[in-house]
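Quick note on numbering: my numbering labels position 129 of the sequence shown as 129, and the sequence is numbered without any gaps.
What follows is one structure encoded as structure tokens, with my remarks underneath.
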Amino acid sequence: MKKLEVAIRDVKFGENVTVVEPVNLYGCKIGNDSFVGPFVEIQKNVIIGDRSKIQSHAFVCELVTIGNDCFIGHGVMFINDLFQEGGPAGGDSSKWKSTKIGNNVSIGSNATILPVQICSNVVIGAGSVVTKDITQSGIYAGNPAKKLRDLS
1 MKKLEVAIRD VKFGENVTVV EPVNLYGCKI GNDSFVGPFV EIQKNVIIGD
51 RSKIQSHAFV CELVTIGNDC FIGHGVMFIN DLFQEGGPAG GDSSKWKSTK
101 IGNNVSIGSN ATILPVQICS NVVIGAGSVV TKDITQSGIY AGNPAKKLRD
151 LS
């Protein structure tokens, strides 16, 4: 039996970071004044910007960059494998895709974020599925997520 424990290892923390355990954080970077809630996993090579909040039960996979002043709601899932060959890529990280989230982005609870780029100043509604790049600020929701209106 191979036992893997929940842990915090090889993490580069900025100043004044709050982490509520249990969490599984490894090989990532978390910016100044950020918050990570309980039951969160942040994988290696993830970068979280300054003053960002990652709420409970979120999963942030490899190849994700989250900007400054972002809010990631409860249960948000980031995906880096598009199952392009009909199944998971497994350990073949050359088949994984990256995700880049701009600054001042809020993602509502239980949203799913596929490998995309989201510009700054965006709100993603709860339960939305983001399947394509978002290049204009505004409020987006649905499956697939579509722009509802501009930010006021």
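Note that the Cβ used here is the ideal one computed from N, Cα and C, for glycine as well.
Quick one: Cα of E41 to Cα of Q84, how far?
-> As a working note, residue 41 is residue 41 in the sequence shown. As a working note, residue 84 is residue 84 in the sequence shown. Taking the straight line from one Cα to the other gives about 24 Å.
Given a threshold of 16 other Cβ atoms within 10 Å of its Cβ, counted over all protein chains shown, does P115 qualify as buried or as exposed?
-> Position 115 of the sequence shown, counted from the first residue, corresponds to residue 115. Burial check for P115: the Cβ neighbour count within 10 Å reaches 16 or more, so the residue is buried.
Run through DSSP, which three-state label would K166 get?
-> The chain is shown only over 1 to 152; residue 166 falls outside these bounds and no answer can be derived.
Sequence-distant residues of the same chain with beta carbon closer than 8 Å to H74, five excluded per side = The residue given as residue 74 occupies position 74 in the sequence shown. Excluding sequence neighbours, H74 sits near G37, Q55, S56, H57, A58, S109 and N110.
Under a three-way DSSP split, which group does S93 fall into?
-> Numbered from 1 along the sequence shown, position 93 holds the residue referred to as residue 93. Three-state result, S93: helix.
Could you give the residue range of the beta strand (DSSP E) that holds R51?
-> The residue labelled residue 51 in the question sits at position 51 within the sequence shown. Careful: R51 lies outside any beta strand (DSSP E) and carries neither H nor E.
When the distance is taken between beta carbons, is S106 closer than 8 Å to F78?
-> Numbered from 1 along the sequence shown, position 78 holds the residue referred to as residue 78. Numbered from 1 along the sequence shown, position 106 holds the residue referred to as residue 106. Contact: no.
Simplified DSSP state of E41, which is helix, strand or coil | Counting from one through the sequence shown, the residue named residue 41 turns up at place 41. Here DSSP, grouped into helix, strand and coil, assigns E41 to strand.
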